[in-house]
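Position 330 of the sequence shown, counted from 1, bears residue number 1074 in the numbering used here, the numbering being contiguous throughout. All C-beta atoms in this analysis are idealised placements derived from N, C-alpha and C, irrespective of residue type, glycine included. Computed from a prediction, not measured in an experiment: that's the story for all the values here. Structure first, then comments.
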Amino acid sequence: MIEAASVYSHYESLIENSVKDPETDPYRSKYKAICCLNGFLDVMTTFGTIKQGFESSPNELHILCLRAAVLFLVGKLKYETNEAGIAETLLLESLSKASATPDVQKTLQLKLSILNQLGLIYCDLSKHEQAEGVLLEAISLYEETKNMSDKLWCVKDIFYGKIVDQNVSDDNLESENTLTLYYIAQVYQHLGKSSESAKYCSLTLRKQLERGVTDTIYWALNCATLSQYFASRNFFEEARHHLAAASWMMEKISLEVQENNEGLERYHYRLADIQRCWAKYDLLLIDHSWELVQETPVEKHELHFNCPRFPEAEIARFEDVPFQTARTFEEARVIFLHGQKMLNAAKSYYSLEDRATDYFEIVQEHSHLFRSLAKFEIDNGRESKMHRRRIDMLEDILKVMNKTLYLNVAQQIYFELGETYSDLFALKLEKVEALKKLRDHATLPAVVKANQVAEKAIKVFTEFLDLYRDK
745 MIEAASVYSH YESLIENSVK DPETDPYRSK YKAICCLNGF LDVMTTFGTI KQGFESSPNE
805 LHILCLRAAV LFLVGKLKYE TNEAGIAETL LLESLSKASA TPDVQKTLQL KLSILNQLGL
865 IYCDLSKHEQ AEGVLLEAIS LYEETKNMSD KLWCVKDIFY GKIVDQNVSD DNLESENTLT
925 LYYIAQVYQH LGKSSESAKY CSLTLRKQLE RGVTDTIYWA LNCATLSQYF ASRNFFEEAR
985 HHLAAASWMM EKISLEVQEN NEGLERYHYR LADIQRCWAK YDLLLIDHSW ELVQETPVEK
1045 HELHFNCPRF PEAEIARFED VPFQTARTFE EARVIFLHGQ KMLNAAKSYY SLEDRATDYF
1105 EIVQEHSHLF RSLAKFEIDN GRESKMHRRR IDMLEDILKV MNKTLYLNVA QQIYFELGET
1165 YSDLFALKLE KVEALKKLRD HATLPAVVKA NQVAEKAIKV FTEFLDLYRD K
């Protein structure tokens, strides 16, 4: 008789060796594993009972569990060898057998694995509604485990007829749940349910943090990236929470990275990316604040999203960064200064020689911060100075930019520069009109300055159009 445990051991060995398969025969080991498992199924069909390697003879229910486990592994391998249709059929059969077994202790983890694999297949086949259904079922199954006192078996345990290692079994359960959360986040993105996708992305990140993050930099970057969704929907408290968690993680590993000097460049560039996400958060908060200021006065309120928190993250010190909307120039300036600080820090990691595109983008983002803050300024002179500051920084990068190599960026900057001169011209006209009312002798010089600004705007827009003509 064949021992089920030895079959699984052989299967594991083949999967471990599959990474060494030649490019000319990339699925050699996986095909062997499929043959091994199918042979075991044939033996079970022929003899009806199998020697399990434990004292008591296996009952029919355990044989049913074992068949379900084998079908799952074969179905998984069929998917990995690009046979999704066959994989789906095998997995559905596996799920049927596992569901027919009343021994939940043995089959619950197996069913989670099957449902996750089906969800992955349906995603690949663009059957996103079906993927949603099986993954929601997986989430419901996982929730059931919280009220269970019995120790759950993983797939390996079914082959060995006992729990081989409780820690491994528990870890497998949490790993499956993490995959479920990740997969369903992608499904909701495809279905256009962005808020549900964001919710499950955040749950995935929290789960990874609870279990121990393997790639801390990637985790932090994902947190910061998700914050941009929340900020773009005006959920600024949630956006700040995710950005704070990202910054906390980067600070947490900074000493280790610097001491080992491993991945230092990657660390710095990703830190700069997160700092830029902070600046975009600040910009969106200022812009949203201005939109509210322009509306009919209503009771001040903030939007909130029912989003999970990261209790493990020590983020109290980041709570000084505002998430409430600004109503005055002074409040907007606090947000602006934080964004400016983040951009200056990010810019220190880039150079015109190595990361020119990023450098140019940061300068543009800095200009946008000034543009947004200027809307809150009621003094004509101070607002003009802010636009002058924008003009200086934009003209400075145009002086050093290879406009042929960075044509698209050059077009953006020329257009923004033209708009900035136009904004400045509007302010100069306001000043002229105010002086006219006062019959001030300074009216003529003010008109001259306004005309000079208008000429600059025309010149810049002409150069902008020339970039298209020269293409």
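query = Does the beta-carbon distance from Arg984 to Phe1067 come in below 8 angstroms?
reply = Taking the first residue of the sequence shown as position 1, residue 984 is located at position 240. Taking the first residue of the sequence shown as position 1, residue 1067 is located at position 323. The answer is yes: Cβ separation under 8 angstroms.
query = Hey, how far is the Cα of Lys890 from the Cα of Leu880?
reply = Taking the first residue of the sequence shown as 1, we reach residue 890 at position 146. Taking the first residue of the sequence shown as 1, we reach residue 880 at position 136. Straight-line measurement puts the Cα of Leu880 at about 16 angstroms from the Cα of Lys890.
message = For Leu953, would you say it is in contact with chain C, using Cβ-to-Cβ distances shorter than 8 angstroms as the test?
response = The displayed structure is made up of one protein chain only, and chain C is not part of it.
query = Val1107 to Glu1160, Cα distance in whole Å?
reply = Counting from 1 along the sequence shown, the entry for residue 1107 is found at position 363. Counting from 1 along the sequence shown, the entry for residue 1160 is found at position 416. Straight-line spacing of the CA atoms in Val1107 and Glu1160 works out to 12 angstroms.
task = Figure out for me which residue from Phe1054, Tyr823, Lys900, Ala831 has the closest Cα to the Cα of Glu756.
result = Residue numbering aside, residue 756 sits at position 12 when the sequence shown is read from its first letter. If we check each option's Cα against that of Glu756, Lys900 comes out closest.
ask   = If you follow the alpha helix (DSSP H) that Thr768 is part of, which residue opens it and which one closes it?
value = As a first step, residue 768 is located in the sequence shown; it is residue number 24 there, counting from the start. For Thr768, no alpha helix (DSSP H) segment is defined, and its DSSP state is neither H nor E.
ask   = Is Asn1235 helix, strand or coil by DSSP?
value = This structure leaves residue 1235 out entirely; the chain is present only between 745 and 1215.
query = Is the stretch 972–986 touching the stretch 953–960 in the sense that three or more CB pairs, one from each, lie closer than 8 angstroms?
reply = No contact exists between the stretch 953–960 and the stretch 972–986.
ask   = Per the contact definition of three or more C-beta pairs closer than 8 angstroms, is the stretch 1118–1133 in contact with the stretch 1058–1067?
value = As far as the Cβ criterion goes, the stretch 1058–1067 does not touch the stretch 1118–1133, which means the pair count is below three.
request  = Return the residue from the list Leu1015, Val1204, Glu1000 that minimises the CA-CA distance to Ala1243.
outcome  = With the chain represented from 745 up to 1215, any question about residue 1243 goes unanswered, as that position is not in the structure.
inquiry  = Determine whether the beta carbon atoms of Ile1141 and Ile1079 lie at a separation below 8 angstroms.
reply    = For the purposes of this step, residue 1141 is taken as the residue at position 397 of the sequence shown. For the purposes of this step, residue 1079 is taken as the residue at position 335 of the sequence shown. Ile1141 is not a Cβ neighbour of Ile1079, given a cutoff of 8 angstroms.
query = Mind checking whether Leu1168 and His1112 have CB atoms under 8 angstroms apart?
reply = In the sequence shown, residue 1168 corresponds to position 424, counting from 1. In the sequence shown, residue 1112 corresponds to position 368, counting from 1. Contact: no.
ask   = Nearest to Ile883 by alpha carbon, out of Val908, Leu896, Tyr926?
value = Here residue 883 refers to the residue found at position 139 of the sequence shown. Distances from the alpha-carbon of Ile883 to those of Val908, Leu896, Tyr926 put Tyr926 closest.
key: Lys822 (DSSP reduced to helix, strand or coil)   = In the sequence shown, counting from the first residue as 1, residue 822 sits at position 78. Assigned with DSSP and collapsed to three states, Lys822 falls in helix.
ask   = What is the DSSP secondary structure of Gln796, counted as helix, strand or coil?
value = Here residue 796 corresponds to residue number 52 of the sequence shown, with the count starting at 1. Unreliable placement is indicated for Gln796, whose pLDDT of 45 sits below 50; the coordinate value is still reported in the next sentence. Judged by DSSP in its simplified three-state form, Gln796 adopts coil rather than helix or strand.
ask   = For Gln910, does the count of other Cβ atoms within 10 angstroms reach 16, so buried, or fall short, so exposed?
value = For this step, residue 910 is matched to residue 166 along the sequence shown. Answer is exposed; the Cβ neighbour count stays below 16.
request  = Report yes if the C-beta distance between Leu1096 and Val1144 is below 8 angstroms; otherwise report no.
outcome  = On the sequence shown, residue 1096 is found 352 positions in, with the first residue counted as 1. On the sequence shown, residue 1144 is found 400 positions in, with the first residue counted as 1. Judged by beta-carbon spacing, Val1144 lies within the 8 angstroms limit of Leu1096, meaning their Cβ atoms are closer than that value.
key: Pairwise C-alpha distance: Glu1035 and Lys1091   = Numbered from 1 along the sequence shown, position 347 holds the residue referred to as residue 1091. Numbered from 1 along the sequence shown, position 291 holds the residue referred to as residue 1035. Looking at the backbone, the Cα of Lys1091 and that of Glu1035 are separated by about 29 angstroms.
key: Unbroken alpha helix (DSSP H) run spanning Lys725, endpoints   = Within the shown structure, residues of the chain are numbered from 745 to 1215, placing residue 725 beyond reach of any answer.
task = Check whether the stretch 866–874 touches the stretch 892–906, taking contact to mean three or more Cβ pairs, one atom from each stretch, closer than 8 angstroms.
result = No: the two stretches stay apart, fewer than three of their Cβ pairs being nearer than 8 angstroms.
inquiry  = Give me the residue from Val1191, Ala1100, Glu1105 with the minimum Cα distance to Asn1146.
reply    = Taking the first residue of the sequence shown as position 1, residue 1146 is located at position 402. Residue Ala1100 is the option with its Cα nearest to Asn1146.
task = Could you check the C-alpha separation between Ser762 and Gln933 for me, to the nearest Å?
result = Sequence index remark: in the sequence shown, residue 762 carries index 18 (1-based). Sequence index remark: in the sequence shown, residue 933 carries index 189 (1-based). The straight-line gap from Cα to Cα measures roughly 33 angstroms.
task = Return the chain-ordered list of same chain residues with a C-beta closer than 6 angstroms to the C-beta of Tyr1103, the five sequence neighbours on each side being excluded.
result = Sequence index remark: in the sequence shown, residue 1103 carries index 359 (1-based). So the qualifying residues of the chain are Tyr1094, Leu1096.
request  = Assign Ala1060 to one of three DSSP states: helix, strand, or coil.
outcome  = Position 316 of the sequence shown holds residue 1060. Looking at Ala1060 - three-state DSSP - the assignment turns out to be helix.
request  = May I ask you to report which of helix, strand or coil DSSP gives Tyr926?
outcome  = Locating residue 926 in the sequence shown gives position 182, counting from the first residue. Look at Tyr926 here: in three-state DSSP terms it is helix.
key: Straight-line gap, Ala875 to Tyr771 (C-alpha atoms, nearest Å)   = Your numbering for residue 875 matches position 131 in the sequence shown. Your numbering for residue 771 matches position 27 in the sequence shown. So the two alpha carbons sit approximately 26 angstroms from each other.
query = Does the Cβ-Cβ distance between Gln849 and Asp915 come in under 8 angstroms?
reply = For the purposes of this step, residue 849 is taken as residue 105 along the sequence shown, with counting starting at 1. For the purposes of this step, residue 915 is taken as residue 171 along the sequence shown, with counting starting at 1. No, they are not a contact pair.
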